[in-house]
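Accompanying notes for the structure given below.
Number of protein chains: 2
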Amino acid sequence: MREAFHDQLDTMFGDLADICGSVETAVRLATEALLTGDASTAEKVISADVDIDRARERVEDSAFLLLSLQQPVASDLRTVVAALRMVSELERMGDLSVHVAKIARLRVPNLAVPDDVRPTIERMAEVAEEMVSRVSTIIRERSVDEALALVRADEEMDRLRRGSFTALLSADWSHGVEAAVDIALLGRYYERIADHAVSVANRVVFVVTGENPTSVDA
Amino acid sequence: MREAFHDQLDTMFGDLADICGSVETAVRLATEALLTGDASTAEKVISADVDIDRARERVEDSAFLLLSLQQPVASDLRTVVAALRMVSELERMGDLSVHVAKIARLRVPNLAVPDDVRPTIERMAEVAEEMVSRVSTIIRERSVDEALALVRADEEMDRLRRGSFTALLSADWSHGVEAAVDIALLGRYYERIADHAVSVANRVVFVVTGENPTSVDA
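Line order of the protein sequences matches chains A and B. For the first sequence, the UniProt record's numbering gives the first residue as 1, with consecutive numbering after it. For the second sequence, the UniProt record's numbering gives the first residue as 1, with consecutive numbering after it.
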């Protein structure tokens with residue numbers, strides 16, 4: 001019984017890592033759509049989101065079954081509840097990628113990101129994608145060290161977001177209101193993806209150690 | 001045992017409704033700070049957020065104890081898991097109020113909201129606050145009808161947000177980039193508060209009926 005339980009738990013964490021992989025693809029393709037102005041890539045992200053939603057439902061259903069049938073306590077219970085929260089956050093990261101893709105689609109055949117702010121947005125997207133990719137590994141290997149290291153990547157994200165604001169609020173900004181609003185919202189979406197990545201990683205730390213590394217933002 | 005369990009569940013839903021009441025205050029004061037440019041009101045929202053965070057932790061701890069000690073199944077289990085999700089969303093709504101308050105604080109002694117877009121922002125804030133207030137009642141009374149009616153209020157929020165974009169992207173916009181970015185982000189924050197309100201209400205429907213009214217967005 002206990003062994004079956006832990007097998008099911010491992011399967012669930014494998015599923016979570018797979019969903020995280022789908023989110024990584026969503027972030028990558030949304031960014032590609034944004035930087036190339038390719039509508040079909042944007043559409044791909046938007047239509048693939050339903051798969052992430054369905055995968056979330058499957059994890060929720062198995063978590064529910066595990067709680068009902070196995071009645072876990074202590075650290076096992078903590079793990080199942082953490083999995084439920086992680087899957088909500090992963091789904092939300094998918095939604096945020098859809099928001100990025102929708103901004104790309106809205107501006108086709110133009111680009112939402114003006115040339116001089118492109119390096120910042122490109123780097124934000126890169127940091128977000130890399131963080132999501134690391135979270136897959138963190139989930140799969142339940143690696144506390146990797147999870148704690150992720151917080152540093154998030155600090156770069158915060159710096160980049162401040163940098164993007166400085167650019168769009170400077171007197172040199174020549175791209176008008178629409179581009180500024182797009183950049184502000186894009187910054188917000190990438191930042192939230194990174195926040196959720198840190199939060200999922202923190203939940204892995206909690207599952208493994210029983211303690212929160214820092215206050216976890218849901 | 002069962003009766004004690006349901007008493008504890010009632011207490012937990014009472015706590016959730018209280019947290020929702022604190023969120024309502026946060027939304028109201030954040031809006032007041034925004035529309036008056038009063039820094040001390042903004043500070044009040046920002047510093048009170050820790051109370052919402054602590055209240056969330058208390059609900060999480062009791063949910064955990066309930067799961068461990070009472071090992072609920074079927075609809076009781078569903079209710080405890082729903083409470084865990086609701087409290088995360090309520091805390092997030094508190095965070096979003098803090099974001100509104102921080103925009104207000106950033107612009108003191110000026111106002112972030114230019115006069116001609118003020119009616120839209122005021123109405124968004126009103127709709128958000130009213131929705132949060134209705135969610136308190138929905139939680140306390142586990143009212144399915146009220147929960148279903150909340151979706152209509154959310155439709156007004158979507159219209160208002162589109163209206164705010166039309167205003168700030170029109171050729172008449174004379175308030176520059178900074179104000180436009182503020183309005184776009186404020187619109188996003190109020191809209192997210194409303195989204196979470198609908199989501200919490202939907203979870204109440206799920207708790208009572210065992211069915212999701214619509215796809216629930218975490």
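Just so it is clear, CB atoms sit at the ideal spot from N, CA and C, and this is done for glycine as well. Source: prediction; values computed, not measured.
Residues within the segment 168-185 of chain B neighbouring chain A, beta-carbon criterion of under 7 Å: Within the segment 168-185 of chain B, the residues whose Cβ lies closer than 7 Å to some Cβ of chain A are L168, L169, W173, V177, E178, A180, V181, A184 and L185, listed in chain order.
Do B/I183 and B/V113 have their C-beta atoms within less than 9 Å of each other? Cβ atoms of B/I183 and B/V113: closer than 9 Å.
Residue-level contact to chain B via CB, A/V73, 9 Å cutoff: So yes, A/V73 belongs to the interface.
Quick one, are the C-beta atoms of B/I52 and B/V132 less than 9 Å apart? Contact: no.
Going by beta-carbon coordinates alone, are B/V81 and A/A180 separated by less than 9 Å? No, the pair does not count as a contact, with Cβ atoms beyond the cut-off.
Flag this pair as yes or no: are the beta carbons of residue 251 of chain B and B/E146 separated by less than 9 Å? Past the boundaries of the shown model lies residue 251 of chain B; chain B is included only from 1 to 218, so the question cannot be answered.
As assigned by DSSP and simplified to three states, the class of A/A33: In the structure shown, A/A33 sits in a helix (DSSP, three-state: H, G or I).
For a minimum of 4 consecutive residues, which ranges assigned as the alpha helix (DSSP H) are wholly contained in the UniProt domain "PhoU" (121-204) of chain B? 144-169, all fully within the UniProt domain "PhoU" (121-204) of chain B.
Taking a Cβ distance cut-off of 8 Å, strictly less, list which residues of the segment 76-87 of chain B are near chain A, in chain order. Within the segment 76-87 of chain B, the residues whose Cβ lies closer than 8 Å to some Cβ of chain A are L77, R78, V81, L84 and R85, listed in chain order.
List, in order along the chain, the chain A residues whose C-beta lies closer than 8 Å to that of B/R188? Near B/R188 (Cβ distances below 8 Å), the residues of chain A are L185 and R188.
4 or more residues per run - each alpha helix (DSSP H) lying fully within the segment 59-114 of chain B: Runs of the alpha helix (DSSP H) inside the segment 59-114 of chain B: 74-107.
Among B/V98, B/M12, B/V50 and B/D76, whose alpha-carbon lies nearest the alpha-carbon of B/E60? Taking only the C-alpha atoms, the option nearest B/E60 is B/M12.
Chain B contact residues for A/S68, given Cβ-Cβ distances below 8 Å: Those within 8 Å of A/S68 in chain B are V73, A74 and L77.
One question on the structure: do B/L96 and B/Y189 come within less than 9 Å of each other, judged by their Cβ atoms? Using a Cβ distance threshold of 9 Å, B/L96 and B/Y189 count as a contacting pair.
DSSP state of A/D51 mapped onto helix, strand, coil: Of the three classes helix, strand and coil, the one that applies to A/D51 here is helix, per DSSP.
C-beta neighbour in chain A for B/F165, strict 9 Å: Closer than 9 Å to some Cβ of chain A, the Cβ of B/F165 qualifies, so yes.
Closest Cβ-Cβ distance between A/F206 and chain B: below 9 Å? Chain B contact via Cβ: absent.
Starting from the Cα of B/S75, find the closest Cα among B/V200, B/V207 and B/N212 and give me that residue. When only C-alpha atoms are compared, the closest one is B/V207.
In the structure shown, what three-state DSSP assignment does A/E211 receive? In the three-state reduction of the DSSP assignment, A/E211 falls in the coil class, being assigned neither a helical nor a strand state.
Would you please verify whether the beta carbon of B/F64 is less than 9 Å from any beta carbon of chain A? At a cut-off of 9 Å between beta-carbon atoms, B/F64 makes contact with chain A.
In its own chain, which residues sit with a C-beta less than 7 Å from the C-beta of B/G21, not counting the 5 before and 5 after it? Listed in chain order, the non-local C-beta contacts of B/G21 below 7 Å within the same chain comprise S136, local neighbours out to five positions each way being set aside.
On the criterion of 16 or more Cβ atoms from any shown chain inside 10 Å, does A/S199 qualify as buried, or is it exposed? Within a 10 Å sphere around the beta-carbon of A/S199 sit 16 or more other beta-carbons, which makes this residue buried.
Should the segment 116-128 of chain B be called in touch with the segment 149-165 of chain B, which here means at least 3 C-beta pairs below 8 Å? Yes, the segment 116-128 of chain B touches the segment 149-165 of chain B.
Give the secondary structure of A/D18 by DSSP, where H, G and I count as helix, E and B as strand, and everything else as coil. Three-state result, A/D18: helix.
Judging by CA-CA distance, which residue of B/L16, B/S174, B/E178 and B/T79 is the nearest neighbour of B/E211? Distance check between B/E211 and each of B/L16, B/S174, B/E178 and B/T79 places B/T79 closest, using alpha-carbon atoms only.
Does the beta-carbon of A/V50 have 16 or more other beta-carbons within 10 angstroms, so that it is buried, or is it exposed? Counting C-beta atoms within 10 angstroms of its own C-beta, A/V50 has fewer than 16 neighbours from the protein chains shown and is therefore classed as exposed.
Identify, in the order they occur along the chain, each residue of the same chain with its Cβ nearer than 8 Å to the Cβ of B/R58, setting aside the five sequence neighbours on each side. Excluding sequence neighbours, B/R58 sits near D15.
Sub-9 Å separation of B/V45 and B/L90 beta-carbons: Result no, Cβ atoms of B/V45 and B/L90 do not sit closer than 9 Å.
Straight-line gap, B/M124 to B/D115 (C-alpha atoms, nearest Å): Going by C-alpha positions, B/M124 is about 15 Å away from B/D115.
Should A/R56 go down as buried or exposed, given a rule of 16 or more other Cβ atoms within 10 Å for buried? Buried, by the Cβ-count rule.
Taking A/E32 as the reference, give the member of A/V98, A/V87, A/E3 and A/P72 with the closest Cα. Closest option to A/E32, Cα to Cα, is A/V98.
Cα-Cα separation, B/L169 to A/T36: C-alpha of B/L169 to C-alpha of A/T36: approximately 23 Å in a straight line.
With DSSP collapsed to three states, give me the class of B/D38. Of the three classes helix, strand and coil, the one that applies to B/D38 here is coil, per DSSP.
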